[in-house]
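*Asks:*
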Amino acid sequence: GLHGWMGWDGPILTDSGGYQVMSLGDLTTKSEEGVAFKSHLDGSRHMLRPERSMEIQAAIGSNIVMAFDECTPFPATHEVAQASMERSMRWARRSRDALTNEAALFGIQQGSMFADLRQISTDALRDIGFDGYAVGGLAVGEGQAEMFRVLDFAVPMLPTDKPRYLMGVGKPDDIVGAVERGIDMFDCVLPTRSGRNGQAFTWDGPLNIRNAKFAEDMTPLDPASPVAAWSKSYLHHLVRSGEMLGAMLMTEHNLWFYQQVMAGMRGAIAQRNLTDWADRFRARYTR
12 GLHGWMGWDG PILTDSGGYQ VMSLGDLTTK SEEGVAFKSH LDGSRHMLRP ERSMEIQAAI
72 GSNIVMAFDE CTPFPATHEV AQASMERSMR WARRSRDALT NEAALFGIQQ GSMFADLRQI
132 STDALRDIGF DGYAVGGLAV GEGQAEMFRV LDFAVPMLPT DKPRYLMGVG KPDDIVGAVE
192 RGIDMFDCVL PTRSGRNGQA FTWDGPLNIR NAKFAEDMTP LDPASPVAAW SKSYLHHLVR
252 SGEMLGAMLM TEHNLWFYQQ VMAGMRGAIA QRNLTDWADR FRARYTR
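12 is the number of the first residue of the sequence shown in the numbering used here; add one for each residue after it.
(1) For L149, tell me which candidate among M124, I139, D163 has the shortest Cα-Cα distance.
(2) Using 8 Å as the threshold, is the region 111-120 in touch with the region 179-187, meaning 3 or more CB pairs across them?
(3) With burial defined as no fewer than 16 other Cβ atoms inside 10 Å of the residue's Cβ, what is the status of R175: buried or exposed?
(4) Would you say the region 247-261 touches the region 206-223, given that touching needs at least three Cβ pairs under 8 Å?
(5) Can you list, in chain order, the residues of its chain whose CB lies under 7 Å from that of N219, leaving out five sequence neighbours each side?
(6) Which first and last residues belong to the beta strand (DSSP E) in which Q210 is found?
(7) Would you mind giving the Cβ-Cβ distance between V151 and M178, rounded to the nearest angstrom? I have them listed as a contact below 8 Å.
(8) Are S236 and H264 close, meaning C-beta to C-beta below 8 Å?
(9) Relative to the C-alpha of M100, which residue among F268, E81, R56, F85 is closest?
(10) For G18, count neighbouring C-beta atoms within 10 Å of its own C-beta (all shown protein chains included) and say buried if the count is 16 or more, exposed if not.
(11) State the DSSP-derived secondary structure class of Q120, mapped to helix, strand or coil.
(12) According to DSSP, is N284 part of a helix, a strand, or is it coil?
(13) Between which two residues does the alpha helix (DSSP H) harbouring F159 extend?
(14) I need the boundaries of the alpha helix (DSSP H) containing H51, first residue and last residue.
(15) Could you compute how far the alpha carbon of T230 sits from the alpha carbon of D195?
(16) Runs of 3 residues minimum, wholly inside the region 169-246: which ones carry the beta strand (DSSP E) assignment?
(17) Rounded to a whole number of angstroms, what is the C-alpha to C-alpha distance between W214 and T40?
(18) Answer with buried or exposed for S95, where buried requires no fewer than 16 other C-beta atoms within 10 angstroms of its C-beta.
(19) Enumerated in chain order, which unbroken segments of the beta strand (DSSP E) with a length of 3 residues or greater are wholly contained in the region 67-111?
(20) Are the CB atoms of M259 and V190 nearer to each other than 8 Å?
(21) Are at least three pairs of beta-carbons, each pair with one atom in the region 156-163 and one in the region 106-114, less than 8 Å apart?
(22) Taking only the alpha-carbon atoms, compute the straight-line gap between L35 and E227 and give it to the nearest angstrom.
(23) Can you check which of these residues, G181, D138, G154, R192, is closest to F164 by C-alpha distance?
(24) What first and last residue would you give for the beta strand (DSSP E) that runs through R56?
(25) Which value, in whole angstroms, describes the spacing of the CA atoms of G314 and F292?
(26) Specify, as a first and last residue, the run of the alpha helix (DSSP H) that T133 falls within.
(27) How long is the line joining the alpha carbons of M33 and F79, rounded to whole angstroms?
(28) List the residues that DSSP assigns as beta-bridge partners of A115.
(29) Could you compute how far the alpha carbon of Q48 sits from the alpha carbon of A294?
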């Protein structure tokens, strides 16, 4: 990704260029050196190290570079989470040592659901020194209540004079709750992936445009949406028919809605009434 943090005056959406080892399942083998993986395309073998991760992110022009780390799977025992976190911290130092450009380098706090491990991780990252700090290892199936519980103790551990980034989040109400807990930045495929699959996010909550009740609904998703010229009925037809235009319009709407939510929070923060704004948002979104 090429989009990065360009100023810090409220929460923003971002798309960093980082590598977080959390998928590919049986195709990967982790070691202290890095991660060996087999291509799902041709079966060729590759080794991805922290140093190579820094090279790749520099090559694609990322202005936010993420330290190479492992996203600890959930659930994990304290022992497994500690070993995973400690290796990620060693990889974080190697990432810092290998960075050669002037991009902002973010360290990633790990430690699963355990406060003591999150603190150890934070201390290690602060000792290395980064331009920003991410909270990793969440939005991996633990549920919103557990994610918020971890954020309640994990975010205050991080420096207050650097941006704080929650990786892989999330639904609009996830984002609002995380901002209330001190998070500044987010990334997630949800608005685009959901749009392609027929889900639209609105102020009145998410809706599945495939549902039969929208077949004759001539109202727009939102009168202010950039796709307001197309009714729910027409979007229903496009998505049910598999027309690419349906996926495009739904995606455009979701991206617009997410930006409206982020702009609303930035304005509320500037006016020092975020709590009131968030309460009004939730009252309508979850009605």
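We put the CB at the ideal spot given by N, CA and C, even for glycine. All of these numbers come straight from a predicted model, not from anything done at the bench.
*Replies:* Considering the structure as presented:
(1) Locating residue 149 in the sequence shown gives position 138, where the first residue counts as 1. Of the listed residues, the one whose Cα sits closest to L149 is M124.
(2) no
(3) Stepping through the sequence shown from its first residue, residue 175 is reached at position 164. With 16 or more Cβ atoms within 10 Å of its Cβ, R175 is classed as buried.
(4) yes
(5) As a working note, residue 219 is residue 208 in the sequence shown. Cβ neighbours of N219 beyond the five flanking positions: G209, Q210.
(6) As a position in the sequence shown, residue 210 is number 199, starting the count at 1. Unbroken beta strand (DSSP E) run through Q210: 210-213.
(7) Stepping through the sequence shown from its first residue, residue 151 is reached at position 140. Stepping through the sequence shown from its first residue, residue 178 is reached at position 167. So it is not a contact: roughly 10 Å between Cβ atoms.
(8) Walking along the sequence shown from the start, residue 236 turns up at place 225. Walking along the sequence shown from the start, residue 264 turns up at place 253. Cβ atoms of S236 and H264: closer than 8 Å.
(9) The count along the sequence shown starts at 1 and reaches residue 100 at position 89. Of the candidates F268, E81, R56, F85, the one whose C-alpha sits nearest the C-alpha of M100 is E81.
(10) In the sequence shown, counting from the first residue as 1, residue 18 sits at position 7. Legend: pLDDT at G18 = 40, less than 50; position of this residue unreliable, no value from coordinates given.
(11) In the sequence shown, residue 120 corresponds to position 109, counting from 1. Residue state, collapsed to three classes: strand.
(12) On the sequence shown, residue 284 is found 273 positions in, with the first residue counted as 1. It is coil, neither helix nor strand.
(13) Residue 159 sits at position 148 when you count from the first residue of the sequence shown. 155-165 is the extent of the alpha helix (DSSP H) around F159.
(14) Within the sequence shown, numbered from 1, the residue matching residue 51 stands at position 40. No alpha helix (DSSP H) holds H51; DSSP gives it neither H nor E.
(15) In the sequence shown, the residue the question calls residue 230 occupies position 219. In the sequence shown, the residue the question calls residue 195 occupies position 184. Spanning the two alpha carbons is a distance of roughly 34 Å.
(16) 175-178, 196-198, 210-213, 216-219
(17) Here residue 214 corresponds to residue number 203 of the sequence shown, with the count starting at 1. Here residue 40 corresponds to residue number 29 of the sequence shown, with the count starting at 1. One C-alpha to the other measures close to 43 Å.
(18) The count along the sequence shown starts at 1 and reaches residue 95 at position 84. So S95 ends up on the buried side.
(19) 75-77
(20) Taking the first residue of the sequence shown as position 1, residue 259 is located at position 248. Taking the first residue of the sequence shown as position 1, residue 190 is located at position 179. In this structure, V190 does not lie closer than 8 Å to M259 by Cβ.
(21) The region 156-163, when compared against the region 106-114, does not touch it at the 8 Å Cβ threshold.
(22) Position 24 of the sequence shown, counted from the first residue, corresponds to residue 35. Position 216 of the sequence shown, counted from the first residue, corresponds to residue 227. Low local confidence applies: a pLDDT of 48 at L35 is under 50, so the model's placement there is unreliable, with the coordinate-based value given in what follows. L35 and E227: Cα-Cα distance of roughly 42 Å.
(23) Here the question's residue 164 lines up with position 153 in the sequence shown. Residue R192 is the option with its Cα nearest to F164.
(24) Here residue 56 corresponds to residue number 45 of the sequence shown, with the count starting at 1. R56 -> beta strand (DSSP E) spans 56-59.
(25) What the structure shows of the chain is the stretch from 12 to 298, and residue 314 is not part of that stretch, so it cannot be assessed.
(26) As a working mapping, residue 133 is identified with position 122 in the sequence shown. Its alpha helix (DSSP H) spans residues 126-139.
(27) The residue given as residue 33 occupies position 22 in the sequence shown. The residue given as residue 79 occupies position 68 in the sequence shown. In this prediction, M33 scores a pLDDT of 49, lower than 50, which makes its location untrustworthy; the coordinate-derived value is nonetheless stated afterwards. Their Cα atoms are separated by approximately 11 Å.
(28) The sequence position of residue 115 within the sequence shown is 104, counting from 1. Partner(s): I75.
(29) As a first step, residue 48 must be located in the sequence shown, where it is residue number 37. As a first step, residue 294 must be located in the sequence shown, where it is residue number 283. The amino acid occupying residue 48 in the given sequence is Phe; Gln does not appear at that position. In a straight line, the C-alpha of F48 is about 46 Å away from that of A294.
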